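Q:
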Amino acid sequence: MTRQLAWRLWHAYPGHSDELFSPMRSKAVKDMPIARWSKASKHAECAINANPHLQWNRHHEAPFENCACGIGAIPELSDVMTRYALLCSFAEKRTVDRFHFNTRPLVVVGTIRVSGKVIDRLPHNTDVPELRVQYARIRELWLPGVGADIEQLKDALALRFRVPVHLGIPQESA
Ligand SMILES: [Zn+2]
437 MTRQLAWRLW HAYPGHSDEL FSPMRSKAVK DMPIARWSKA SKHAECAINA NPHLQWNRHH
497 EAPFENCACG IGAIPELSDV MTRYALLCSF AEKRTVDRFH FNTRPLVVVG TIRVSGKVID
557 RLPHNTDVPE LRVQYARIRE LWLPGVGADI EQLKDALALR FRVPVHLGIP QESA
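Sequence positions in the sequence shown follow our numbering and run 437 to 610.
(1) Would you say L445 and L523 are within 8 Å of each other, going by their C-beta atoms?
(2) Buried or exposed: which applies to L513, given that a residue is buried once 16 or more other Cβ atoms fall within 10 Å of its Cβ?
(3) Taking 8 Å as the limit between beta carbons, can you name the residues of its chain near T518, skipping five residues before and five after?
(4) Pull up the distance between the alpha-carbon of R530 and that of R557, whole angstroms please.
(5) Starting from the C-beta of V613, find all residues in its chain whose C-beta is less than 6 Å away, skip the five residues before and the five after it, and write them out in chain order.
(6) Report buried or exposed for L595, applying the criterion of at least 16 other Cβ atoms within 10 angstroms of its Cβ.
(7) Thinking C-beta only, is P459 closer than 8 Å to P586?
(8) From F597 to E501, what distance separates their C-alpha atoms?
(9) At what residues does the beta strand (DSSP E) containing V516 begin and finish?
(10) How about L589 and A448: are their beta carbons less than 8 Å apart?
(11) Given a threshold of 16 other Cβ atoms within 10 Å of its Cβ, counted over all protein chains shown, does E608 qualify as buried or as exposed?
(12) Looking only at its chain, what residues have a beta carbon closer than 7 Å to the beta carbon of V532, apart from the 5 residues adjacent to it on each side?
(13) Is the closest heavy atom of ligand 1 to the C-beta of I507 under 7 Å?
(14) Using the Cβ count rule (16 or more neighbours within 10 Å means buried), how would you classify V582?
(15) Alpha carbon to alpha carbon, what distance is there between P606 and E576?
(16) Should I548 be listed as close to ligand 3, given that the test is whether its C-beta is under 7 Å from any heavy atom?
(17) Between which two residues does the alpha helix (DSSP H) carrying R598 extend?
(18) Closest to S551 by CA distance: which of V599, Y571, P469, S453 is it?
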């Protein structure tokens, strides 16, 4: 598979952390290292491999066809913005114990360069077309919102990931 650019989303917690977190829907996975982005580049891992209680004999490289693992990557901007609206609504409606730091997250948009193994189908239905990839590297980030905490997080993300960070959401022509 050739290298390509795609979109994805993270949760950020202004005032609490300058790392990004995968917006996992499963409570069991949210606290695992696989859900935390502390560097610009990430190598997919399967939660089954990370959890000895789940391991059995099902160890596999991620992404794997018959599993949901792999780093999520959305090829189209219009699709990532559909998912963005969904995650913003979850962030508002769900109880805070669903999230890190017991507080509501900010939904961050970004581009990633994807490489390695790519699977273009999920084993279950998703709201928008999404790839599952083996390697991803953050290229650019968009941080919606205003205020001192957001400005501070913008600088911290730029320093940590060494990528351009913009305020607002990406525009269709970008
Ligand atoms: Zn897996």
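Ideal Cβ placement from N, Cα and C applies to all residues, glycine included. Just so we're clear, the structure is a prediction, and the values are computed from it rather than from any experiment.
A: According to the structure data:
(1) yes
(2) buried
(3) D563, V564
(4) Using only the alpha carbons, I get a separation of about 28 Å.
(5) The first residue shown for the chain is 437 and the last is 610, placing residue 613 beyond what the model contains.
(6) That one is exposed.
(7) Note on residue identity: the sequence assigns Ile, not Pro, to residue 586. No, these two residues do not count as a Cβ contact at 8 Å.
(8) F597 and E501 have their alpha carbons spaced roughly 30 Å apart.
(9) It is not in any beta strand (DSSP E) - V516 instead sits in the alpha helix (DSSP H) that spans 513-529.
(10) Taking 8 Å as the Cβ cut-off, L589 and A448 qualify as a contacting pair.
(11) exposed
(12) N538, T539, R540
(13) no
(14) exposed
(15) 10 Å
(16) In the structure on display, ligand 3 does not appear, and the ligands it does have are ligand 1.
(17) Unbroken run through R598: none, as it is neither H nor E.
(18) Y571
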